[in-house]
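UniProt numbering numbers the first residue of the sequence shown as 1 and each following residue consecutively.
Glycine residues also receive a C-beta, built at the ideal position from the N, C-alpha and C atoms.
Only a predicted model underlies this, so the values are computations on that prediction, with no experimental measurement involved.
Below is one structure; the comments refer to it alone.
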Amino acid sequence: MPSKLAKVQKHVSKKKGSRSTALHENSRDALRLRKAGARDDRVARLTTVREKANRQWLERVAFFQDRLPETLHPMEVQQIQALIADYLGRDDDELAHLKTERRAGRPPSTRQTMMEQLREVEKKEFESGFWLPNLQDEQTLVKLDGWKGDWAGLSTLRFVRVSHGGSVSESHFPPRDIKMAAEQRAPRRGMVDATIRLPEDDEKIVFAYVQYLYSNKVFFAKGIEDQGMIDFVKCAKLYVFGEKIGDARFQNATTDGLAPDLDFLVHQLSYSGREREESNAQKAVRIRIDFLHGINILYSGTTVGSQGRRLLVSACVRSRSRSSRLISPEATDNNEFLTELSMATLGDIRNEVSFEEIGTFSVDGSVTTLLVGDDAVELHVHEKLLRAHSTFFDAALSHSWIEAQQRRIALPEDKVATLEVYVQYLYTGNIFIKSGKSELKLEHDSNHPEYFVLADLYVLGEKVGNVRFRNAVINAFISRMQEAQHVTESGKHHCCPIATVVDTVYQGTRPNSPARRLMVDVHLKHGGEHWIVQDAQKHNKEFLMDLTRALLRDRKLGPGAWKLSREDYLEAQ
């Protein structure tokens, strides 16, 4: 039977003829089509992952191909070592630029951290044996010169490993993991039959890694049985071990297993002994000590900007309203953790208070994948939570839609950053907005770029049909407007979003929506003539019409007759 979607469609069309577009959703042919489509998606994802993993090796071989001499001839070891040194320093200019751009006291950017980590890994590889085409073999030189840049074409080349000391040894294609291969090649006393000795590592952690290699799963033990909490110390050791051996997939699997329980763990740790029963007070102290020990393990064995560090800091930031005792200097003396947590709390993330409780919810069951933006960035959300307050997602995941079968919903017109904030709201009941300068030019109030984000969030809430989320955004809008009020040189208050924000709201909402009314009322009661004149060409026509109607309707009201009230713009839930 054909397996590809195109072949299945051709087969069904040939059999059904014109009726092929009117299949019953549970018919045999419809099931075959869905199965073939899912297979094609799975193959495409695997291909993408494989291409991403192979890219670093393709770029390396391409570097040495570009530096082949015009007249091909075998190279000396010293020449090859010089080329390797050039390869290791290929990013010097970009690194210098990133360091120059970084402000004093700020941590390195993610790009800089990744480049520095890659350089350290490649330097260690060079010490034991740097993998590259055999530039001393005439046939390999000819084939390398004619190589077209494809992965399959590398199978015809011969490869070697050249060390910093000048030794050259035969290698193979494709290459093995760099760090593990370096450990096996390193001349170590007592090493017999390529045995790798790990005297500093916990045997339980190594055993868990071996289990992962065979099963592709990380098995997490619960540290305290009564509490049902995940063992954070073991998770930290697993992640650090993955950092040591350079297995990014194992690290990702570890964080994927830790993430669902980490927020709950931090939240439970934030309670003091008085808030617990006396019988649980000692157990709470033990959990607290283990958690702080796990922080020290994680920070001592990972680099700045690693995924494990960011996951931990994000969980503490989300729970900081109750976790001040946990993250205080009296609780932990890890300066790196305290510094990163302080910067995340005070500088990078601003927490918008949620005026509507998210309520209790269940996050068990299946997970739905949202494919956001033109690049189809994947966001994973529990289906029950996604459908709880959204008419759009509830309908999309009903059994009558194909999205329910594949558990994948495409949102190509939406922004990734906006959906990330929405997903965070679903899990936490809070709206988290990154602070800092916006990339857009703000004509009126450059100190409040949150207006742009909030406008996009409200439009998203309108699209997905989530009334609670829209009310939370309205509350955040009003809070920001009240914070932005200040007396200008003319003595007037200024708390008004600019024309671009107003246009975003009007383009994505229905007539007479609460967000539209809020835009009109703020301009009506606090606006000045220069607000309209400066942005005359940018203002939305519907907005100007609504503002004109409001001016004619409310012209009899005297000054001070209107006050900004949240209740006027919140919808019934």
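The bridge partners DSSP lists for R408 are T369. Within its own chain, the residues whose Cβ lies closer than 6 Å to the Cβ of A515, once the five positions on either side in sequence are excluded, are Y458, V505 and T509, listed in chain order. Ranked by how close their Cα comes to the Cα of Q79, the residues D41, T110, G166 and G153 have G166 in first place.
In the three-state scheme derived from DSSP, where H, G and I count as helix and E and B as strand, R516 is classed as helix. Scanning the segment 81-165 from its first residue to its last, the whole alpha helix (DSSP H) runs of 4-plus residues come out as 92-101, 110-128 and 138-145. Within 10 angstroms of the beta-carbon of P133 lie 16 or more other beta-carbons, which makes it buried. I431 sits in a strand when the DSSP states are folded into three classes.
Annotation for S169: no alpha helix (DSSP H) segment contains it, though the beta strand (DSSP E) segment containing it runs V168 to E170. A contact is defined here as three or more CB-CB pairs under 8 Å, and the segment 141-156 fails this definition with respect to the segment 122-132. L262 has its alpha-carbon roughly 11 Å from the corresponding atom of V313.
Sorting G465, N466 and H523 by C-alpha distance to the C-alpha of T548 places H523 at the top. Within the DSSP secondary-structure output, H380 pairs in a beta bridge with T369. Cβ contact annotation for Q112 (same chain, cutoff 8 Å, sequence separation greater than five): L95, L98, K99 and R102, in chain order. In this structure, E383 lies near L397, with their beta-carbon atoms less than 8 Å apart.
By the Cβ neighbour-count rule, Y214 is exposed, with fewer than 16 other Cβ atoms within 10 Å of its own. If you ignore the 5 residues before and after Q117, its C-beta comes within less than 7 Å of the C-beta of T303, all in its own chain and listed in chain order.
Scanning its chain for C-beta atoms nearer than 8 Å, with the 5 sequence neighbours on each side dropped, one finds around P74 the residues L135, Q136, D137, E138 and L141, in chain order.
Bounds of the alpha helix (DSSP H) holding V453 are E450 to V464. A259 is classed as exposed because its beta carbon has fewer than 16 other beta carbons within 10 Å across all chains shown. The C-alpha of Y422 is placed about 11 Å away from the C-alpha of V381. Beta-carbon to beta-carbon, L454 and A476 are separated by about 6 Å, close enough to satisfy the 8 Å threshold.
In the structure shown, the three-state DSSP call for K35 is helix.
Per DSSP, reduced to three states, the secondary structure at E200 is coil, with no helix or strand assignment.
F291 and K237 have their C-alpha atoms spaced approximately 12 Å apart. If you draw a straight line from the Cα of K525 to the Cα of L570, it comes to about 19 Å. Looking only at K143, A85 and T428, the smallest Cα-Cα distance to F130 is reached by A85.
Going by beta carbons, Q251 and Q211 fall outside the 8 Å limit. Per DSSP, E542 is one residue of the alpha helix (DSSP H) stretching across K541 to R553. Straight through space, the alpha carbons of I295 and R286 are spaced by roughly 14 Å. For R67, the secondary structure class from DSSP, reduced to helix, strand or coil, is coil. In terms of Cβ geometry, S390 and V464 form a close pair [threshold 8 Å].
Residues of the same chain with a CB within less than 6 Å of the CB of L386, apart from the 5 flanking positions on each side, are T368 and F393 in chain order. Here the alpha carbon of K217 sits roughly 9 Å from the alpha carbon of T254. Residues I80, F130 and V168 of the same chain have their beta carbon placed closer than 6 Å to that of V162, with the five preceding and five following residues left out of the count. Under the three-state reduction of DSSP output, H73 falls in the coil class, being neither helix nor strand.
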